[in-house]
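Q: Each number in the working numbering comes from the position in the sequence shown (counting from 1) with 180 added on.
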Amino acid sequence: MEETLMKDIFWTVVLVAVFTISFALTSSALDRKEAVAFWDFEDVKGDVVPDITGNGHEGAIKGNVDVTDGKYGQGLKFDGKVGSVVIVENHKALQITEDITMEGWVFPTSPNQGYVVGKQGSYGMPLWNNLEVKWVIWGGDWFTGIQPKVDEWNHIALVYDFKAKTRLIYLNGKEEGDQKTTMTMPVSPHPLTLGQWVTLTGQERLIGIIDDIGIWNRPLSADEINKSMEPSPVEPKDKLATMWSMLKKR
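#1: By Cβ distance below 7 Å, which residues in the same chain neighbour D227 in space, the five residues on each side in sequence not counted?
#2: Measure from the C-beta of H370 to each C-beta in chain C and report whether the shortest distance is under 8 Å.
#3: Can you tell which of F323, Q275 and R212 has its C-alpha closest to the C-alpha of Q359?
#4: Buried or exposed: which applies to D231, given that a residue is buried once 16 or more other Cβ atoms fall within 10 Å of its Cβ?
#5: Are D220 and D392 close, meaning C-beta to C-beta below 8 Å?
#6: Who are the near neighbours of N334 in its chain, counting only those whose CB is closer than 6 Å to its CB and skipping five residues on each side?
#7: With burial defined as no fewer than 16 other Cβ atoms inside 10 Å of the residue's Cβ, what is the status of K354: buried or exposed?
#8: Go to A402, then tell me how far its alpha helix (DSSP H) extends in each direction, as first and last residue.
#9: With DSSP run on the structure shown, which of helix, strand or coil describes L210?
#10: Quick check on P369: buried or exposed, where buried means 16 or more other Cβ atoms within 10 Å of its Cβ?
#11: Using the three-state DSSP reduction, which class does L311 fall into: helix, strand or coil?
#12: Within 10 angstroms of its Cβ, does P399 collect 16 or more other Cβ (buried), or is it exposed?
#13: Is there contact between the region 403–411 and the region 302–316, where contact requires at least three CB pairs shorter than 8 Å?
#14: Can you give me the Cβ contacts of D223 inside the same chain, cut-off strictly under 6 Å, excluding the 5 residues immediately before and after it?
#15: Would you mind working out which of P411, T248 and N235 sits nearest G388, comparing C-alpha positions?
#16: Counting only runs that start and end within the region 331–364, where is the beta strand (DSSP E) found for 3 or more residues in a row?
#17: Which first and last residues belong to the beta strand (DSSP E) in which K299 is found?
#18: From which residue to which residue does the beta strand (DSSP E) around D249 run?
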């Protein structure tokens, strides 16, 4: 009886400790549900790519796009052929004209041109010759000179701080360059796409894998970008349920 009581006390203490630590870690993580749209590709069903923010910006897979191993969990693999794309319907919330952050992981498997995310006619993150990241504001492209590595995971973040009139590029959490600009991003009727532009398919088509792609309507700080590079934290309530189940079995 006493031994059973001591075991219960021990596992209760463990349970409380795990919950406390989990809550602290989750609280310090970047809340991806605050993004305009975020696709982590963990729950792709058929050709539907859910938007984990709850804002409803789900994507539709077209062509040869496959679910595969991502940076964390699952990602999407593109073969670089015309029509291999994920299409997210046009929406007012995606018609961003000033502050923005585009970010995500990309694993290029070819040194040719590529493409991560963007909205034709407005903004985008294509990869030019030798995978040079091109910061697109329609009518004013910035060839950044930054090249992600082939056959490696690279985290790219493109930030526009409209108040500061500055756009920036981060590679793997480190600021690699900035450019002054007074441009606004035009409102475009085109959908947002992953993998290639919606109609400009003659170039900038990705051969490789993407994971954890996010669009924000504010400029993320360097600290926030580094937090976004981390895997999604497990909700404390999920860990609590798991630990409680273990406790009851003892």
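Just so you know, even glycine gets a beta-carbon here, dropped at the ideal spot from N, CA and C.
These numbers were taken from a predicted model, which means no experiment stands behind them.
A: Short version:
#1: Within the same chain, D227 has close Cβ partners A240 and I241.
#2: Here chain C cannot be found, since the structure has a single protein chain.
#3: Taking only the C-alpha atoms, the option nearest Q359 is F323.
#4: Answer is buried; the Cβ neighbour count reaches 16.
#5: Between D220 and D392, the C-beta gap is smaller than 8 Å, which places the two residues in contact.
#6: If the five residues before and after N334 are omitted, its C-beta is found closer than 6 Å to the C-beta atoms of V286 and P328, all from its own chain and listed in chain order.
#7: The residue is exposed, with fewer than 16 neighbouring Cβ atoms inside 10 Å.
#8: From DSSP, the alpha helix (DSSP H) with A402 extends over A402 to S408.
#9: Shown here, L210 sits in coil according to DSSP, grouped into three states, outside any helix or strand.
#10: With fewer than 16 Cβ atoms within 10 Å of its Cβ, P369 is classed as exposed.
#11: Looking at L311 - three-state DSSP - the assignment turns out to be helix.
#12: Result: buried.
#13: Between the region 403–411 and the region 302–316 there are fewer than three C-beta pairs closer than 8 Å, too few to call the two in contact.
#14: Excluding sequence neighbours, D223 sits near P230.
#15: The candidate whose alpha carbon is nearest that of G388 is T248.
#16: The beta strand (DSSP E) runs of length 3 or more contained entirely in the region 331–364 are, from start to end of the chain, 334–341, 346–351 and 354–360.
#17: Note, K299: beta strand (DSSP E), G294 to K299.
#18: D249 -> beta strand (DSSP E) spans V245 to D249.
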